[in-house]
Structures are given as C-alpha cells and as structure tokens.
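Novice: Counting with UniProt numbering, you get residues 1 to 100 for the letters of the sequence shown.
Backbone N, C-alpha and C define an ideal beta-carbon position, used for all residues, glycine too.
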Amino acid sequence: MIFNIFFTPSAENDLLNAKKFYAKINEALGQYCVDSLMLDIERLRFFAGIHPNINGRFRVLSRSFPFSIYYQVIKDQVLILAVLDNRQNPKSIEHRLTNS
C-alpha cells in the first residue's frame, strides 16, 4: 500500500523552525536539513506503521539529523503530527505531543 501524507500546521511549522535553526549556521545546511527530513517523511509512503507506537502515535528517527517524526496512520493516510528535535527536554516533547 502507498500512503498519502498530510501535515498538521504545527508539523509544517516544526520543519520551518528546523530550517531556520540550521540556516543560522549555514544557509545551505538549513535547506539540507529540511530536504533530509522530507526524505525521511517520504519513506513513510511505503513504510508507515512499522515504527514504535506509543499512545497511538508512531515515531521514526531521522537518518541525518537529531529529529523524530511523530505520525498517525488513518486508513491510507499518514498524518505528520510533529517533527521535533531530540535534544530538548523529554517533558517538553511529551507536553507538545499531548497538546497537538
């Protein structure tokens, strides 16, 4: 099955924030970060639902950057809930996920 991918507004904002963070170091690095995260997300078209599921949310680790992608599978759709930096306080991540 090939899944369709959709983003919550907050997940789109997460990608923008990731780009801004790395662009402060180097403009090209910011774009590379987003491109890498989008490639990880695109893989979910084929592999959604195989990752660890905690409280109804799946979590996949990015291959290139210290981010986790949180998503839900609804029939033939993948809803990206959040794209969060793993280097933040785990309680902040938990709070963000329970309030999204």
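If contacts are defined as beta-carbon pairs under 8 Å, then residue 44 and residue 71 qualify, I think. What distance do you get, rounded to the angstrom?
Specialist: Residue 44 to residue 71, Cβ: 7 Å. Contact.
Novice: Three-state secondary structure (DSSP) at residue 50?
Specialist: Here residue 50 sits in coil by DSSP.
Novice: What does the Cβ neighbour count give for residue 28, buried or exposed, with the cut at 16 atoms within 10 Å?
Specialist: That one is exposed.
Novice: From the DSSP output, which residues share a beta bridge with residue 80?
Specialist: Partner(s): 7 and 71.
Novice: Would you give the residue range spanned by the beta strand (DSSP E) that residue 57 belongs to?
Specialist: Run containing residue 57: 57 to 61, per the beta strand (DSSP E) assignment.
Novice: Would a C-beta distance cut-off of 7 Å place residue 93 and residue 81 closer than the cut-off?
Specialist: Contact: no.
Novice: Between 67, 79, 36 and 32, which has its C-alpha nearest residue 57's C-alpha?
Specialist: Per the Cα distances, 79.
Novice: Could you compute how far the alpha carbon of residue 163 sits from the alpha carbon of residue 49?
Specialist: In the structure displayed, the chain extends from 1 to 100; residue 163 sits before or after that span and is not available.
Novice: Using the Cβ count rule (16 or more neighbours within 10 Å means buried), how would you classify residue 65?
Specialist: Residue 65 is buried by the Cβ-count criterion.
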